[in-house]
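Some notes on the structure that comes next.
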Amino acid sequence: MSLLRIYWRALAMLYPERWLSSLLAVANVAIAIVLLAEPILFGKVVDSLSKGQDSFPIIGFWAALGLFGILASVLVSVFADRLAHRQRLAAMSRAFDRAITLPISYHADLGSSRVVRTMLSGADALFALWLTFLRDHLAALVSVLFLVPTAIALDPRMAGILALLALLYTLANLEVIRRTQIGQARVERHNQEVSGRVGDVIGNVSVVQSYARLADEGAALRQLIGQLLTAQYPVVTWWALLTVLTRAAATVTMVAVFALGSVLAVRGEITVGEIVSFVGFAGLLIAKLDQLSGFVARIFVNAPTLQAYYDLVDASGWPLERSNAAPLQSVTGAVEYEDVTLRFAASEQGVFDLNFSASPGQAIALVGPTGSGKTTALALLQRLRDPQKGRITIDGVDIREATLTTLRQSIAVVFQDAGLFNRSIAENIRIGRVGSTDEEVEAAARLAEAHDFILQKPGGYQFVIGERGASLSGGERQRIAIARAILKNAPILILDEATSALDNETEAKIKRALEAVRRGRTTFIIAHRLSTVANADKIIVMENGRMMEVGNFRQLMEMGGAFARLVQAGEMKYPEQQTAA
């Protein structure tokens, strides 16, 4: 996207507040007129005094005009600030709303720290652009556009010097932009690498400290910073050179105005007051061109940041909901996979030709070695991905024809990683069903065998658990996640290694709770523990993305096939084996 398009799109984002933006634009035009009038009035006063005439009428008009300009400036400053702050938060909210709808693969590819940086840096860059444009640079632009024609009307010869200065400024800025455009994009990439590295290390600070990686990680970061500076220095040098050249041009312009004005004054072709006016014009033009040059530099430096922000908000939300999608009604939990195939891009991995069904209330266990496609198969049920062939139905309805909201309201998931927020225990459980009462939250916690340990925490249910539940043990985190799923009260339940982090005693408690919760619900279980899958109504053995065997525990053991080999090889572990591992 070109620099002009990036800039124009940023301004177009102010459309929701177009009336206030228009009012501020008019106020900026008024400020520009006042700025242009001041050198003219100054010259008139000088000519009036040199002729011994009464200059108070001009001074009075000048004072009134100045007061008007001050009021317009106050209006612009106050309302531009408020508008920019509102729109900054709106931009951040817009990016956030988009980010949380994007597929897991998007976040995995970019990294959470980079997505967060894109949101925050993009919103900050937009804020700075809007604020400086509305408060300073719009008036500067109008002043420059009006100044040269006004100067020409007074004296074309003197105006030529100002026009030449404006032309030199424009050409110099365009040349610097041309020479540094690629370099600035490289700088932004290095910035992303630095922020990504910092986020990665801070997010795993316990590992860094445990493995004595403090010096190594510090050295690695300093190396990235060195690469950033190496990329940044040429860009900074060009903009510094532009500053020197433009200031030199400004000095030459001021000298030229005095020199030409002196010659014309000696000839009687121009008054001293007009020379003073043109000196004022030159100073005004230099100041406003400096402002515009800085504004262009800011846009240029922030262009990669803004482009990354635009890419985020333009990213396609996935999966796409069909325009005729209908809400699922009174879901009983009948699930069927019909010839379902998903092959990952540029890979032989995926799931292939899945055909199985689950009746309401049944427990279906998916077992198999790591990478066999168990999690992928259940990700398709939640539409975290869509199959390339076949379909999945709930109560006979193709899930692609259902609204995403009702589909995901019908499914509760307990992940291997509990996925907790840096909020209170009650808030984490209440994510299962917003608006649930304290009594309902407590009831869910009791079913998940979490109530007793919660009461032992400072503040009980109001205890803030830290980032990703850092202040809780693995078993405690998992029980909070199970309570959350219980509170959701969905007809379909997915347990993705839900008891892997629990000791035998805790697992027994959770098993009793889950058996009660599973009644009347279709439950899908991914597990490596025999105690978890032994009582499943149906066990599906997967390997390389394909279904190898289907049956209950006794049937599969009697077959002596893939499932029996998993048990014999230790892939399916008894609880005591899991604990010892």
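The opening position of the sequence shown corresponds to residue 1 in the numbering used here, with each subsequent residue numbered one higher.
Note that beta-carbon positions come from the ideal geometry of N, C-alpha and C, so glycine has one too.
Owing to the predicted nature of the structure, the values given are computational and were not obtained by experimental measurement.
Between E17, P149 and A287, which has its C-alpha nearest H137's C-alpha? If you number the sequence shown from 1, residue 137 lands on position 137. With distances taken between Cα atoms, H137 lies closest to A287.
Check for me: the beta strand (DSSP E) holding A363 runs from which residue to which? Position 363 of the sequence shown, counted from the first residue, corresponds to residue 363. Where A363 is concerned, the enclosing beta strand (DSSP E) stretches over A363 to V367.
DSSP three-state assignment for D496, whether helix, strand or coil: To locate residue 496, count along the sequence shown from 1; it is residue 496. Three-state DSSP puts D496 in a strand.
With I6 and A303 assumed to form a contact (beta carbons below 8 Å), what rounded beta-carbon distance in angstroms separates them? Here residue 6 corresponds to residue number 6 of the sequence shown, with the count starting at 1. Here residue 303 corresponds to residue number 303 of the sequence shown, with the count starting at 1. Indeed they touch by this definition, with Cβ atoms about 5 Å apart.
Where does M547 land, buried or exposed, given buried means 16+ other C-beta within 10 angstroms? For this step, residue 547 is matched to residue 547 along the sequence shown. Looking at its Cβ environment, which holds 16 or more other Cβ atoms inside 10 Å, M547 is buried.
Enclosing beta strand (DSSP E) for S357 [first to last residue]: As a position in the sequence shown, residue 357 is number 357, starting the count at 1. Looking at the DSSP string, the run of the beta strand (DSSP E) that includes S357 is G350 to A358.
Option in L110, G469 and G373 with minimal Cα separation from G419: For this step, residue 419 is matched to residue 419 along the sequence shown. Looking at the Cα atoms, G469 is the closest of the given residues.
Counting C-beta neighbours from all protein chains within 10 Å, is the total for P39 16 or more, i.e. buried, or is it exposed? Counting from one through the sequence shown, the residue named residue 39 turns up at place 39. Flag for P39 reads buried.
Restricting to runs no shorter than 3 residues, where is the beta strand (DSSP E) found entirely within the region 412-494? none
Excluding the 5 residues preceding and the 5 following S121 in the sequence, name in chain order all residues of the same chain whose CB lies nearer than 7 Å to its CB. Looking up residue 121 in the sequence shown gives position 121. Excluding residues within five positions, the ones whose Cβ falls inside 7 Å are T305.
Using only the alpha-carbon positions, how far apart do P327 and D386 sit? Numbered from 1 along the sequence shown, position 327 holds the residue referred to as residue 327. Numbered from 1 along the sequence shown, position 386 holds the residue referred to as residue 386. Each residue's Cα considered, the two are about 18 Å apart.
May I have the straight-line CA-CA distance separating G273 from G261, to the nearest angstrom? Counting from 1 along the sequence shown, the entry for residue 273 is found at position 273. Counting from 1 along the sequence shown, the entry for residue 261 is found at position 261. If I take the Cα positions, the gap works out to 10 Å.
Return the Cβ separation of T253 and L145 in integer angstroms, given the expectation that the two are a contact with Cβ distance under 8 Å. Within the sequence shown, residue 253 is the residue found at index 253, counting from 1. Within the sequence shown, residue 145 is the residue found at index 145, counting from 1. Rounded, the Cβ-Cβ distance is 18 Å, inconsistent with contact.
Would the region 431-439 count as touching the region 392-404 if we require 3 or more Cβ pairs under 8 Å? no
Same chain only: Cβ atoms within 8 Å of E543, ignoring 5 sequence neighbours per side: Taking the first residue of the sequence shown as 1, we reach residue 543 at position 543. Answer for E543: G368, P369, S372 and A562, listed in chain order.
So the candidates are F356, D54, L289 and V26; which of them puts its Cα closest to the Cα of D339? Here residue 339 is taken as the residue at index 339 of the sequence shown, counted from 1. Minimum Cα distance to D339 is reached at F356.
From L224 to E217, what distance separates their C-alpha atoms? Locating residue 224 in the sequence shown gives position 224, where the first residue counts as 1. Locating residue 217 in the sequence shown gives position 217, where the first residue counts as 1. Using only the alpha carbons, I get a separation of about 11 Å.
Nearest-angstrom Cβ-Cβ length linking I399 and R383, presumed shorter than 8 Å: In the sequence shown, counting from the first residue as 1, residue 399 sits at position 399. In the sequence shown, counting from the first residue as 1, residue 383 sits at position 383. Yes, they are in contact, since the Cβ atoms of I399 and R383 sit about 6 Å apart, within 8 Å.
Tell me the DSSP bridge mates of Y337? Taking the sequence shown and counting its residues from 1, one reaches residue 337 at position 337. Beta-bridge pairing links Y337 to F356 and I392.
Between which two residues does the beta strand (DSSP E) harbouring K538 extend? For this step, residue 538 is matched to residue 538 along the sequence shown. Segment K538 to E543, the beta strand (DSSP E) holding K538.
Simplified DSSP assignment, three categories, for L14: Counting from 1 along the sequence shown, the entry for residue 14 is found at position 14. Coil, per DSSP.
Nearest-angstrom Cα distance between F421 and E467? One-based indexing of the sequence shown puts residue 421 at position 421. One-based indexing of the sequence shown puts residue 467 at position 467. Taking the straight line joining both Cα atoms gives about 6 Å.
Ordered along the chain, which non-local residues of its own chain (more than five positions away) have a Cβ less than 8 Å from that of V194? Position 194 of the sequence shown, counted from the first residue, corresponds to residue 194. Excluding sequence neighbours, V194 sits near L221, L224, I225 and L228.
To the nearest angstrom, how far is the alpha carbon of T150 from that of R135? Counting from 1 along the sequence shown, the entry for residue 150 is found at position 150. Counting from 1 along the sequence shown, the entry for residue 135 is found at position 135. Their Cα atoms are separated by approximately 23 Å.
Could you pull out every residue in the same chain whose Cβ sits closer than 6 Å to the Cβ of S55, ignoring the five residues on either side in sequence? If you number the sequence shown from 1, residue 55 lands on position 55. The residues are V45, S48 and L49.
Quick check: A37 and L65, are their CB atoms within less than 7 Å of each other? One-based indexing of the sequence shown puts residue 37 at position 37. One-based indexing of the sequence shown puts residue 65 at position 65. Result yes, Cβ atoms of A37 and L65 sit closer than 7 Å.
Determine whether the beta carbon atoms of S143 and L35 lie at a separation below 7 Å. One-based indexing of the sequence shown puts residue 143 at position 143. One-based indexing of the sequence shown puts residue 35 at position 35. Yes.
Sequence-distant residues of the same chain with beta carbon closer than 7 Å to A297, five excluded per side: Within the sequence shown, numbered from 1, the residue matching residue 297 stands at position 297. Closer than 7 Å at the Cβ level, and outside the excluded window around A297, lie W239.
Let's test the definition: count the other Cβ atoms within 10 Å of the Cβ of H85 and tell me whether it reaches 16, buried, or not, exposed. Counting from 1 along the sequence shown, the entry for residue 85 is found at position 85. By the 10 Å Cβ count, H85 comes out exposed.
In angstroms, rounded to a whole number, what distance separates the CA positions of A256 and D311? In the sequence shown, counting from the first residue as 1, residue 256 sits at position 256. In the sequence shown, counting from the first residue as 1, residue 311 sits at position 311. When rounded, the distance between both Cα atoms is 48 Å.
If I'm right that I431 touches V335 with Cβ under 8 Å, what's the distance once you round it to whole angstroms? The residue labelled residue 431 in the question sits at position 431 within the sequence shown. The residue labelled residue 335 in the question sits at position 335 within the sequence shown. Not confirmed; about 24 Å, so no contact.
Which listed residue (E188, D290, R189 and V208) has its alpha carbon closest to that of N173: Here residue 173 refers to the residue found at position 173 of the sequence shown. Checked all of E188, D290, R189 and V208; the closest Cα to N173 is D290.
Going by the beta-carbon positions, is the gap between Q555 and D496 smaller than 7 Å? Against the sequence shown, residue 555 aligns to sequence position 555. Against the sequence shown, residue 496 aligns to sequence position 496. Contact: no.
Can you tell me whether DSSP reads R512 as helix, strand or coil? Numbered from its first residue, the sequence shown carries residue 512 at position 512. Correct three-state label for R512: helix.
Cα separation between R484 and Q462? Here the question's residue 484 lines up with position 484 in the sequence shown. Here the question's residue 462 lines up with position 462 in the sequence shown. Going by the C-alpha atoms only, they are around 15 Å apart.
Taking A80 and L131 to be in contact with their CB atoms under 8 Å, please state how far apart those CB atoms are, rounded to whole angstroms. Numbered from its first residue, the sequence shown carries residue 80 at position 80. Numbered from its first residue, the sequence shown carries residue 131 at position 131. About 6 Å; that satisfies the 8 Å criterion.
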